[in-house]
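What follows is one structure encoded as structure tokens, with my remarks underneath.
2 protein chains.
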Amino acid sequence: MGDSSVRSEVRVVIYGVGAIGGRVARLLLRKRGIRIVGAIDSSPKKVGKDLGEVLGIGRKLGVVVSNDVEKVLDETKPHIAMHTTTSFLRDVYPQLMTLIKHGVHVVSTCEELSYPYIVDPKLAENLDKAAKKHGVVVLGTGINPGFLMDTLVIALTGVCQEVRRIEVRRIINAATRRLPFQKKIGAGLTIEEFREKIKSGAITGHVGLEQSIAMIADALGWKLDKIKVEEVKPIIAEKPVESREIKVESGSVAGLRQCAYGIMDGKPIITLDFQAYIGAEDEHDAIKIDGKPEINERITPCIHGDLGTVAIAVNMIPKVLKATPGLKTMKDLPVPSATPEDISLCL
Amino acid sequence: MGDSSVRSEVRVVIYGVGAIGGRVARLLLRKRGIRIVGAIDSSPKKVGKDLGEVLGIGRKLGVVVSNDVEKVLDETKPHIAMHTTTSFLRDVYPQLMTLIKHGVHVVSTCEELSYPYIVDPKLAENLDKAAKKHGVVVLGTGINPGFLMDTLVIALTGVCQEVRRIEVRRIINAATRRLPFQKKIGAGLTIEEFREKIKSGAITGHVGLEQSIAMIADALGWKLDKIKVEEVKPIIAEKPVESREIKVESGSVAGLRQCAYGIMDGKPIITLDFQAYIGAEDEHDAIKIDGKPEINERITPCIHGDLGTVAIAVNMIPKVLKATPGLKTMKDLPVPSATPEDISLCL
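Written out as structure tokens, the structure reads:
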């Protein structure tokens, strides 16, 4: 790494102080060897306030949330930005370009950035070129996409002499998640309301299944004919179920299910099955690899999405700081690992 | 990578044509974009014979097994050596140095090489320096050590905000493994015979628990007080059990168990529990991480050791060819992944 100052203290900007960005900031505050030097958000409710106040941690941090990106970057000269604004590549592209041009590394939880080549190869190429030119690394990560349905799958194929078919399933009991997540999956709606919200785009389903499939295929050198993402389907409560916030009547929507397939020679050789609903009794993350050897792997209960996304975003900081410049995906970087309290120990 | 010829065809030497080396060679023969150009072994039974004959594949390969390492390397100019001779760093050190000095990358299944720093830091440093000087990568890998009890554990901590304690268990039903493995774990012996063979060094237990613990600790930035490897204990058959080759009476030794601990502040914060015995009904690989979030992961049945070791050794070839020079461990390289039939697709 050209910049040796990073080893004494990593200077980080929080770009997006929402549900995930706020949790990222709180985790970073528990670490040593890293300092939050700036915070960016567009919300009028947050701009001008001290970050500590926005985070609700009961103390000021001396970092004022700003919507003036250029000014924050010019004044704080961060090594890296923790970027958590939206799920879509086209929306984050100009934001990432600004960071890159300021010589700032990026860890982003933008789902489409986890494997941007299938969203818009031209934008991905531009990001890669710009990152190389300015000597920085840009990474999209998260628990899913970013780990459970792609990186972990890829790692497990590492012990296979042959891989014929892959099936990945994630079943989340939405009752254990925050309310916005429960609403996002349509919990408590009637079937008709659910269909309307799908139509209007108010419910989008999980963003990232395509990215996960494309990343697995790329890692394995598989040339897929296509990636097929099925429409989001409601999961109907067979009996009344509830979370702390939402009661679901029998016959109403408890959540949703979405499947996606990587197709080769007309057959699905990668199947991802994502289910999130209130009342799921068998929460788990399962990977089945039909190969030599066959692998049946299961994590029980499934890993909590928010906890895991915040963790892996922070944990990838040292890997990003040490990588060669360019646009990276999780498969290009060293095996992820938890960071110690003092982050400088792994720099 | 300096040498672009590797992208058209990787030239590989098989160094050690034993149980594992032979299987590595057979797997490589099923791949395209890679060619076995030489084979090294010290056994008089193999030297001078065609590799195809030694492998028992019913055809000649035009590669004669030789015990003249220098000559093979000078004449065949390999990019990489698949090295499978012994488990111990001091034994492989001169072999590795010869490979390095000939500018040959190394993937080795030497257990102690998976994390050599705790065996002999001086030798490890010499290997690293020499590898850098000659522009090559040296990697020790395998299923265990190399993946199940270290790399996979490390990868799973990647989604943790905090890790307090790690427990890893591998339970192998030895009846499904080759006879030398069954013998190596003492299956069929009386307790007295077992103790004698432990004493004489004829049974050594599993080599690599220390390496796995040290690699995990390093990845997490944990400074262990010490690594404690318990003595190998026999697992006694409670009822008669048998493999195809060995019958174990009730009260005799069915196999062995070995535990190892990474100790910090007087407490075991990493526990590895390795069990291999005939009649194990609950074969599995389990990882439990006490952290935030808690992770309970299980692979059922456990991954077959030989299959997995051969796979991961071959699968790491592209990662080694693309890495920066030096002595590497699995935690330093990108996430492992299965190689396609045509290995050039991932170069």
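So the sequence lines, in the order shown, correspond to chains A and B.
Each residue of the first sequence is one higher than the one before, counting from 165 in the numbering used here.
Each residue of the second sequence is one higher than the one before, counting from 165 in the numbering used here.
A virtual CB, placed ideally from N, CA and C, is assigned to each residue, including glycine.
All of these numbers come straight from a predicted model, not from anything done at the bench.
Item	Value
By a C-beta neighbour count over all protein chains shown, 10 Å radius and 16 as the cutoff for buried, is Thr368 of chain B buried or exposed?	exposed
Unbroken beta strand (DSSP E) runs of length 3 or more, entirely within the region 445-475 of chain A: which are they?	448-456, 459-463
Quick check on the burial criterion: 16 or more other C-beta atoms within 10 angstroms. Buried or exposed for Pro208 of chain B?	exposed
If you measure from the beta carbon of Leu370 of chain B to each beta carbon in chain A, is any gap under 9 Å?	The sequence as given places His at residue 370 of chain B; Leu does not occur at that position. Not an interface residue.
Starting from Asp382 of chain A, follow the alpha helix (DSSP H) in both directions and report where the run begins and ends.	373-384
Considering only residues of the region 210-293 of chain B, which uninterrupted alpha helix (DSSP H) runs meet the minimum length of 4 residues and lie entirely inside it, listed in chain order?	215-219, 233-240, 253-265
Looking only at its chain, what residues have a beta carbon closer than 7 Å to the beta carbon of Met165 of chain B, apart from the 5 residues adjacent to it on each side?	Below a pLDDT of 50, predicted positions are generally treated as unreliable, and Met165 of chain B, at 44, falls in that range; the measurement from the model is reported next regardless. For Met165 of chain B, where only same-chain residues beyond five positions count, the Cβ hits under 7 Å are Leu485, Lys486.
Assuming Ala477 of chain B contacts Thr305 of chain B under a Cβ cut-off of 8 Å, what Cβ separation, rounded to an integer in Å, is found between them?	6 Å
Evaluate the contact criterion for the region 301-320 of chain B versus the region 337-349 of chain B: three or more CB pairs, one atom per stretch, below 8 Å.	no
Is DSSP giving Gln422 of chain B helix, strand or coil here?	strand
Using three-state DSSP, classify Leu312 of chain B as helix, strand or coil.	coil
At 7 Å on the CB atoms, spell out the chain B contacts of Lys456 of chain A, in chain order.	Leu471
Would you mind sorting Gly350 of chain A into buried or exposed? The rule is 16 or more other CB atoms within 10 Å of its CB.	buried
Applying a beta-carbon distance threshold of less than 9 Å, which residues of chain B neighbour Asp496 of chain A?	Pro498, Val499
Considering only DSSP beta bridges, list what Val533 of chain A is partnered with.	No answer is possible for residue 533 of chain A: it lies beyond the span of chain A, which begins at 165 and ends at 511.
Between which two residues does the beta strand (DSSP E) harbouring Gly304 of chain B extend?	301-304
Tell me whether Ala440 of chain B sits in a helix, a strand or coil according to DSSP, three-state version.	strand
Looking only at its chain, what residues have a beta carbon closer than 7 Å to the beta carbon of Val301 of chain B, apart from the 5 residues adjacent to it on each side?	His269, Ala295, Val484, Ala487, Pro489, Gly490, Lys492
Below 7 Å on C-beta distance, what does Leu316 of chain B contact in chain A?	Ala319
Assuming Phe358 of chain A and Pro404 of chain A are in contact, meaning their beta carbons sit under 8 Å apart, how far apart are those beta carbons, in whole angstroms?	About 17 Å separates the two Cβ atoms, so there is no contact after all.
Throw me the rounded Cβ distance for the Gly352 of chain B and Ser416 of chain B pair, which I believe falls under 8 Å.	6 Å
Counting pairs of beta carbons, one from the region 280-298 of chain B and one from the region 225-242 of chain B, are three or more of them closer than 8 Å?	no
How many Å lie between Ser364 of chain A and Ile434 of chain A at the Cα?	29 Å
Check for me: the alpha helix (DSSP H) holding Lys486 of chain A runs from which residue to which?	481-486
Taking only three categories from DSSP, how would you classify Val478 of chain B?	helix
Please name the residue in A:Ala288, A:Leu384, A:Thr340, A:Glu360 whose C-alpha comes closest to that of Arg521 of chain A.	No answer is possible for residue 521 of chain A: the residues shown for chain A start at 165 and end at 511.
Which same chain residues end up closer than 8 Å to Ala189 of chain A when comparing Cβ atoms and leaving out the 5 residues on each side of it in sequence?	Ile178, Val181, Ile200, Ala203, Leu215, Leu219, Met246
With the cut-off set at 9 Å, would you say Glu276 of chain B and Ala502 of chain A are in Cβ contact?	no
Do Leu373 of chain A and Cys423 of chain A have their C-beta atoms within less than 9 Å of each other?	yes
Under 7 Å between beta-carbons, which chain B residues line up against Arg421 of chain A? List them in chain order, please.	Ordered by position in chain B, no residue passes the 7 Å Cβ test against Arg421 of chain A, which lies about 23 Å from the chain.
Out of B:Ile442, B:Ile362, B:Pro432, which has the shortest C-alpha to C-alpha gap to Lys390 of chain B?	B:Pro432
Mind reading off the beta-carbon distance from Gln439 of chain B to Ile355 of chain B? Whole number of angstroms is fine, and I expect it under 8 Å.	So it is not a contact: roughly 17 Å between Cβ atoms.
So, at 6 Å on beta carbons, what are the nonlocal neighbours of Asn460 of chain B in its own chain, with the 5 sequence-adjacent residues on each side left out?	Lys452
Using beta-carbon positions only, say whether Val499 of chain B and Ala366 of chain B come within less than 9 Å of one another.	no
Spatial neighbours of His266 of chain A within its chain, please: CB distance less than 7 Å, with the 5 preceding and 5 following residues excluded, ordered by chain position.	Leu237
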